[in-house]
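Numbering (the UniProt record's numbering), first residue to last: 1 to 241. Beta carbons: idealized from backbone N, C-alpha and C, even for Gly.
Below, the structure is given as structure tokens:
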């Protein structure tokens, strides 16, 4: 699956997917995103466990992460881009002249009519999560649904590698975090993470104590991620209880 910043290095070994770092510390960001999700009330069926690892190909070692394949036999992932394209719908036209909330709600209604699933709660969790993680890669190929013999079902919330300022070409480690936080932009309904996070009423909550304990326990390996998370927790403190 393509990324807005280009194809990532990926391998599938048996039922596991491995992804190598290409832009910076994506594997670390993916692992931290899962650890944050695991300390929330996001349903288990929407979680994808990630672990950090070293991937080796042709004698070359890559830092990265891996997860298990969550597709059942006979299932496939269908991206939002492909769904819109198959119905002749252009996302830019769907958004034109509408505010962030109206754009999200219109898409939800469209998906309900064509996929026969209600995505309201799904987007109400995805958008605040993306805001906290600063996920700049939520383009139309990174919103997807699972199709099988019984129709469509929700896809777990995964692929957060380009979060937490992990692209060190755009956000070098020597760049002050405060500056980087002002540069990063959201997708796809608005370039403003806060606007997307507020677009829908949400029931998402994170265990503040558990998240803070995780940050303190892994402070050394997290590097600037620790500072980013503390800043985001303060900004979205109403979601941390």
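Three-way DSSP call (helix, strand, coil) for residue 158 in this model: Here residue 158 sits in coil by DSSP.
Flag this pair as touching only if the region 186–197 and the region 47–56 have three or more C-beta atom pairs under 8 Å; answer yes or no. Using a Cβ-Cβ distance cut-off of 8 Å, the region 186–197 and the region 47–56 are not in contact, since fewer than three pairs of beta carbons, one from each stretch, lie closer than that value.
| request: Alpha carbon to alpha carbon, how far is residue 198 from residue 69? Give it in angstroms, no decimals. | output: CA-to-CA, the gap between residue 69 and residue 198 works out to about 32 Å.
- prompt: Looking only at DSSP bridge pairs, what is residue 51 linked to?
  reply: According to DSSP, residue 51 bridges with 66.
- Message: Tell me the DSSP secondary structure of residue 20 in three-state form.
- Response: Residue state, collapsed to three classes: strand.
Residue 230, enclosing alpha helix (DSSP H) - first and last residue:
Counting along the chain, the alpha helix (DSSP H) containing residue 230 begins and ends at 224–235.
**Report entry** Classification of residue 1 by the beta-carbon crowding that lies within 10 angstroms, buried from 16 upward
**Finding:** Confidence at residue 1 is low in this model, with a pLDDT of 33, below 50, so its placement is unreliable and the value that follows should be read with caution. Under this definition residue 1 is an exposed residue.
(request) Could you work out which residue in 31, 90, 141 is closest to residue 187 when comparing CA atoms only? (result) Nearest C-alpha to residue 187 among 31, 90, 141: 141.
Excluding the five sequence neighbours on either side, which residues of its own chain have a C-beta within less than 8 Å of the C-beta of residue 47, listed in chain order? These residues qualify, in order along the chain: 34, 37, 38, 156, 157.
Open item on the list: Helix, strand or coil, according to DSSP, for residue 242 in the structure here?
Closed with: Residue 242 lies beyond the stretch modelled for the chain, which goes from 1 to 241, so this question has no answer here.
For this session: Would you mind working out which of 64, 93, 204 sits nearest residue 51, comparing C-alpha positions?
Result: For the residues 64, 93, 204, the minimum Cα distance to residue 51 belongs to 64.
Self-check item: Residue from 87, 41, 181, 85 with nearest C-alpha to residue 247
Solution: Here the chain has residues from 1 to 241 only, and residue 247 is not among them.
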